[in-house]
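Numbering (our numbering), first residue to last: 6 to 686.
Structure first, then comments.
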Amino acid sequence: MIKIAIDGPAGAGKSTIAQKIASKLGFVYIDTGAMYRAVTYKALQLGLDLEDPKSYDFLRDTTFNFKDNCIYLDGKDVSKEIRTLEVTENVSTPSKIPFVRDYLVQYQRKMSKDKDVVMDGRDIGTVVLPDADLKIYLDASSYERAKRRMIERKSKGIDQTIAEIQKEIEIRDLKDSTREVSPLKKADDAVVIDTSNMTIDEVVDTIVLLINERGLLKMSELQLTVGQEVVGTITNVTRDALYLIVGDSKAVIYSNDIEGYSEGQRLSDQYNEGGEFKALIKQIDKDKETGEPLLILSTRLYKVLEILPTFEQLRETEEIISAQVVRVDSRGAYLNYNDFNVYLPLRQSYLNSKALHQLRKEKATIDVVVTNVNFNKLQVTVSQIIAANKTARLEREEAYSNLEVGMVVEGKVVDLKDFGAIIDIGKVTGLLHRTEITHKRVRNVGDYLSIGDIVKVKIINLADNKIGLSMKALVKHPWDDLTEKYQVGDIFDGEIVKIIDAGLIIKMTEEVSGLMPAREYSWLITERLEGQYEVGDTIKVKVINIDNKARRITLSHRETKENTWGNIKLNVGDAIKVKVVGFNQAGAQVSYKDVMGFLPIAEITNEKRISKPEEVLNIDDEINVLVKTFEPLRARLVVSAKSYQYAKERETFNQYFKEQAESIPTTTIADLLGDKLKEFK
């Protein structure tokens, strides 16, 4: 049975082309996309959870069939039902479930076993029918595909611009080619046909021509095929040929096609007019005088039948062979391998007709692999492209096997991407990610590398036939220079290279800077960093932290000075005396020993409500307060005169009651009863 696989992206015309070819050749058209739609339709009808893989157990009792370009689900034509909006919106869900895909792939393979089929989809040539007799990959520019979809949708009353549909198609192309389950991928032996500037009929004719070139169809005009054995009657014997009648057709066999013929031998000595002659059809030509079909016969082809199994073995093993160019025509070239001519279509060669003619003159050979052996037509088709791809693949595999993580190699920059550079390191290429170019942050790869540059790189990763490279791994990290030069506790005068909201960026080496947070400027809350420095100024700082894991270094200016707050020992609630040194709307600034504190306006007095601290306080006043907040590490001291006054009042009140209790004797109930008893006596 003949299997034709047609793959390609959305909008390339797969379904239309596949249907026309199937109709033209009398093959069965299998629309794999329709099968997924049918599964979705049935699941929706059954009210199942589409996300649950177990929901699709019904597939085991489900049948699919195709007839007259219609799909039958369980014996019912559902061609219209599967095209509803509900099915369209949900078909992607079962399509990504491995069980559904595996089941349908096996079902599709089974359908192709007992009939000639044309099957289209996105992974037919790579997954469903990897052994297809002909694999076609239809492609077209995203613009052309969008234009076709726009016309198709317009006929259905859907109005969209080409730009909208083109964006939709490009997004789908990306999803289809990168999805985990059965991504869109061109088979290595597929014939690519760009349909951008072709009509539907031109594409169909091109594919039918390919089918004929591979000897997949019979010459229906004569009901005779190349390689077929026929018996004819000799009508004329000449010096170098026998002329025959085979059925209603004329035939001829030339002396050099007669097995056992020797140079100089007279054919009339062995063959007579009217005698029967058995031979194989070597070629079906046309009579130059009448234009009628003329069969070219051969008895030497019988030996060819013995040779063909050898070519079939070569096809199965994909062995690369060298064959000499002996004849060139408009569609390809005939190559001789072990005295047998094989055919190389131009589409399977890197060379054009002119180059092939030159190789014929030079009696040169070409490396090819056998792609098809037709036992009926005694034809062998080969491919130079597949042979070259295999050679390159084997060379890459060998080169890859010789690589090890840690090796330092020299390579050439062959391409630049946003994410890095592609480096040719001999037969294989590796990725130099932009994060591996230098220890600095790389925003634009082109600022560091150009195509053609020769670079030395280190192999840092080998996984899944992918090679990770690094340039920065060959250079000492600037952080290492910094940690050798600085230690925690070191004090130095640093240059300010940047001022940010968080603090100052201080230069430490040519490559590395440290951060002095704003909080590390002073121990005093009143001393602010803002406006104190400009870029280029120097400031004395101390290294207070080196984080090797995060590669961050923290600096401090206040650590270079004595921490006056460290000498202050206070607890919340302590009574102290402070000096008023300034006012603001929120309260009064006060000093205590060598540090500054704050007296909020609400904590100044309990005698009356005030709006300004100056109403009851003067500069240089010394007042008694209680400590409300004391945070020496944050240089924060908040005090309250009102709380002190309340405390004093409570102290006076408590003292008064204490004195009262001591001056008045305590009278108990027993004492009173005793006094009454005395009165009665």
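Just so you know, even glycine gets a beta-carbon here, dropped at the ideal spot from N, CA and C.
>> Are the CB atoms of R401 and V433 within a distance shorter than 8 Å?
In response: yes
> Do S475 and E441 have their C-beta atoms within less than 8 Å of each other?
Replying inline: yes
> Are any of the Cβ atoms in chain D nearer than 8 Å to that of Y259?
Replying inline: You won't find chain D in this structure, because it holds only one protein chain.
>> Taking DSSP's pairing of strands, which residues face R641 in a bridge?
In response: E636
>> Per DSSP, what are the beta-bridge partners of D420 in this structure?
In response: I427
>> By alpha-carbon positions, which one of R154, E535 and E489 ends up nearest to L509?
In response: E535
> So does G13 have its beta carbon nearer than 7 Å to some heavy atom of the ligand NAP?
Replying inline: With respect to small molecules bound, the structure shown includes none, and the ligand NAP cannot be examined in it.
> Quick one: what does DSSP say I174 is sitting in, helix, strand or coil?
Replying inline: helix
> Counting Cβ pairs, one atom from each stretch, are 3 or more of them under 8 Å apart for the stretch 547-559 and the stretch 602-611?
Replying inline: no
> Is A192 helix, strand or coil by DSSP?
Replying inline: coil
>> If you measure between the beta carbons of Q384 and Y355, is that distance less than 8 Å?
In response: no
> Cα separation between F658 and R641?
Replying inline: 33 Å
> Since A192 contacts G16 with CB under 8 Å, what's their CB separation in whole angstroms?
Replying inline: About 20 Å separates the two Cβ atoms, so there is no contact after all.
> In terms of residue numbering, what span does the beta strand (DSSP E) encompassing S561 cover?
Replying inline: R557 to S561
> Hey, D599 and T569 are a contact pair by Cβ (cut 8 Å); roughly how many whole angstroms apart?
Replying inline: 4 Å
> Is the beta carbon of E278 less than 8 Å from the beta carbon of I312?
Replying inline: no
>> Among the candidates L134, D128 and Y41, whose CA atom is the shortest distance from the CA of T183?
In response: D128
>> Are the CB atoms of T386 and T370 within a distance shorter than 8 Å?
In response: no
> Should I628 be labelled buried (16 or more other beta-carbon atoms within 10 Å of its own) or exposed?
Replying inline: buried
> Buried or exposed: T93, going by 16 or more other Cβ atoms within 10 Å of its Cβ?
Replying inline: exposed
>> Does the structure place the stretch 34-41 close enough to the stretch 116-132 that three or more beta carbon pairs sit under 8 Å?
In response: yes
> So which of R305, N357, I9 and V374 has the shortest CA-CA distance to A328?
Replying inline: V374
>> Pop quiz: I26 and V209 are said to be a contact at Cβ under 8 Å. What is the actual Cβ separation, rounded to whole angstroms?
In response: 6 Å
> Along the chain, which unbroken stretches of the alpha helix (DSSP H) at least 4 residues long are found entirely within the stretch 56-106?
Replying inline: 90-95 and 97-100
> In chain order, what residues of the same chain lie with their CB nearer than 8 Å to the CB of L299, ignoring the 5 residues before and after it?
Replying inline: S254, K255, A256, V257, I289, D290, K291 and D292
> Are the beta-carbon atoms belonging to T514 and K545 less than 8 Å from one another?
Replying inline: no
> When we look at the beta-carbon of P314 and count the other beta-carbons within 10 Å, is it buried (16 or more) or exposed?
Replying inline: exposed
>> Taking only three categories from DSSP, how would you classify L227?
In response: Residue placement at L227 is flagged as unreliable, the pLDDT there being 35, under the threshold of 50; a coordinate-derived value is accordingly withheld.
> If we call anything under 8 Å between Cβ atoms a contact, is I428 one with G411?
Replying inline: no
> Between I22 and H444, what straight-line distance do the alpha-carbon atoms span, to the nearest angstrom?
Replying inline: 54 Å
> Between G519 and the rest of its own chain, which residues show a CB-CB distance below 6 Å, the 5 nearest in sequence each way excluded?
Replying inline: I511, M513, I558 and L560
>> Is the beta carbon of V502 closer than 8 Å to that of V548?
In response: no
>> So if DSSP puts V692 in a beta bridge, which residue, or which two residues, is it bridged to?
In response: Since the first residue shown for the chain is 6 and the last is 686, residue 692 is missing from the structure and cannot be characterised.
> Looking only at C-alpha atoms, which of T45, G162 and D138 sits nearest to R106?
Replying inline: T45
>> Closest to P58 by C-alpha separation, out of V414, I102, I167 and G232, would be which residue?
In response: I102
> In chain order, what residues of the same chain lie with their CB nearer than 7 Å to the CB of V630, ignoring the 5 residues before and after it?
Replying inline: I581, V583, L604, V644, S645, A646 and Y649
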